[in-house]
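Here the structure is laid out as structure tokens; the discussion comes afterwards.
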Amino acid sequence: MKFQDLLLFLFSGIGALNGFFLASYFAFFTSKKSGSTKILSLLIATVSIRILKSTLVVILEGSSDTLAPLGLLACIFIGPLLYLYVKAVINIDFNWHAALIKHLFPFVLLLVIAGLIFPSEECWICSEWLRHMMYVIWFYYILLTIITLKKPFRNLLTYHGKLSDLDIWLITITIGIAVVWLAYLITNYSSYIIGAWSFTFVFYAVLFIWLYKFKRTSLFFEKQEKYVDKKIRAVEAKEFGQRLQSFFYVQKPFKDPNLKLSDVALSLEVTPHYLSQFLNDNKNITFSSYINEYRVEEAKLLLGSNNLITIEAIGQECGFKSNSSFYSAFKKLEGVTPAKFKKQYL
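Every letter in the sequence shown is one number past the one before it in full-length UniProt numbering, and letter 125, counting from 1, is 125.
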């Protein structure tokens with residue numbers, strides 16, 4: 001092996017091997033495992049497989065046909081795993097088991113069908129059309145991820161609004177994966193090792209950011225992050241509070257008995273973490289108590305203006321799942337039961 005090849009192998013190969021170590025750490029050795037951490041582990045491992053394959057192809061002559069399927073199979077999962085990781089981080093109620101099946105199973109099925117259509121001796125997995133399709137899928141999910149993070153990216157590009165540590169981390173991961181994708185695309189396989197180089201550079205850059213800035217916040221291990229700041233700034237909180245109040249008055253989302261904090265956050269284009277912090281720290285109220293206030297106010301209007309609807313039906317109309325929860329919330333806020341409140345208008 002030439003000295004130049006040895007340097008290439010050390011620089012790119014060690015980056016891939018460190019990727020495997022980091023993936024193992026997130027998968028098995030973190031004290032607080034969550035769905036997002038597990039998906040991150042899969043993402044790092046998948047990218048590392050792709051990079052290690054590229055490194056070995058350059059170093060080991062004649063290994064391209066043998067290793068090509070491994071790298072291309074890894075490519076098809078990188079994009080979906082990036083998207084699912086971001087969704088799992090920003091959505092507290094994210095069902096990552098179902099999401100993995102939804103986004104990965106179709107591609108597995110596609111590969112199985114392709115394997116049945118094309119005889120094995122034609123090396124169908126290495127065919128040009130499948131190679132292009134895999135990179136298109138990778139790019140498609142990068143776009144989906146950017147759309148999911150459209151507000152943080154907009155704040156980054158326009159210098160409008162503050163980026164949280166979480167925003168910076170997710171943007172860094174997304175850009176890093178996009179850089180690796182672009183490196184493979186623009187080289188057109190003529191300088192194959194560039195893709196591996198790009199990953200090594202991105203890997204150590206992201207690792208440095210994690211160790212320097214985010215490690216102390218347990219960003220990767222907790223399902224709900226602890227607040228970096230005790231309270232959102234007063235001006236920002238006032239503006240957001242008006243948006244939230246207007247949303248509840250106009251859209252009346254509280255009528256949905258299955259309404260979740262993540263649903264409201266998505267509608268307002270903020271993270272569930274931000275909404276939770278606003279309610280807990282700035283409003284000193286839980287999400288369930290907050291929506292119950294609107295449900296009770298809506299119930300008071302119906303109790304005082306409509307004698308044709310039963311009290312139980314009013315509770316359901318306002319978003320309460322059961323009569324007991326309706327009566328309990330109403331009496332807690334008004335001091336009387338819905339029935340006694342209605343008698344005042346008879």
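Each residue gets a CB set at the ideal place from its N, CA and C atoms; glycine is no exception.
Close beta carbons around residue i, own chain, < 6 Å, minus the five adjacent residues each side
i: F326; result: G315, F320
i: A299; result: I314, C318
Residue j beta carbon less than 7 Å from that of residue i
i: A16; j: S41; result: no
i: L259; j: L275; result: no
i: T271; j: I90; result: yes
i: G79; j: I171; result: no
i: R50; j: A27; result: no
i: T30; j: F77; result: no
i: P338; j: I311; result: yes
i: D237; j: N282; result: Correcting the residue type first, residue 237 is Ala in the shown sequence and not Asp. Yes, they are a contact pair.
i: L303; j: K342; result: yes
Close-in-space but distant-in-sequence residues of the same chain around residue i (CB under 7 Å, 5 per side omitted)
i: T145; result: L82, Y83, V86, T174
i: L219; result: Since pLDDT at L219 reaches only 49, below the 50 mark, its modelled position is unreliable, and no value is offered.
i: I39; result: L81, L84, Y85, A88, W96
i: L244; result: L268
i: F153; result: I146, I171
i: L156; result: L163, I171
With 16 other Cβ atoms within 10 Å as the buried cut-off, status of residue i
i: Q277; result: buried
i: F105; result: exposed
i: R295; result: buried
i: I44; result: buried
i: residue 385; result: Summary: the structure shown does not reach residue 385, with the chain confined to residues 1 through 346, and so no result is reported for it.
i: N284; result: exposed
i: A329; result: buried
i: residue 358; result: Because the chain here runs from 1 to 346, residue 358 falls outside it and cannot be looked at.
i: F21; result: exposed
i: I291; result: buried
i: residue 354; result: Limits of the chain in this structure are 1 at one end and 346 at the other, which puts residue 354 out of reach.
i: G176; result: buried
i: A178; result: buried
i: I232; result: buried
i: H132; result: exposed
i: A183; result: buried
i: W181; result: buried
i: A234; result: exposed
Close-in-space but distant-in-sequence residues of the same chain around residue i (CB under 8 Å, 5 per side omitted)
i: S267; result: F247, Q251, P253
Exercise for the section: Jot down the residue ranges of each uninterrupted alpha helix (DSSP H) in the UniProt domain "HTH araC/xylS-type" (244-344), minimum 4 residues, whole runs only, in chain order. Expected result: Listed in chain order, they are 261-267, 272-277, 287-305, 311-317, 323-334, 338-343.
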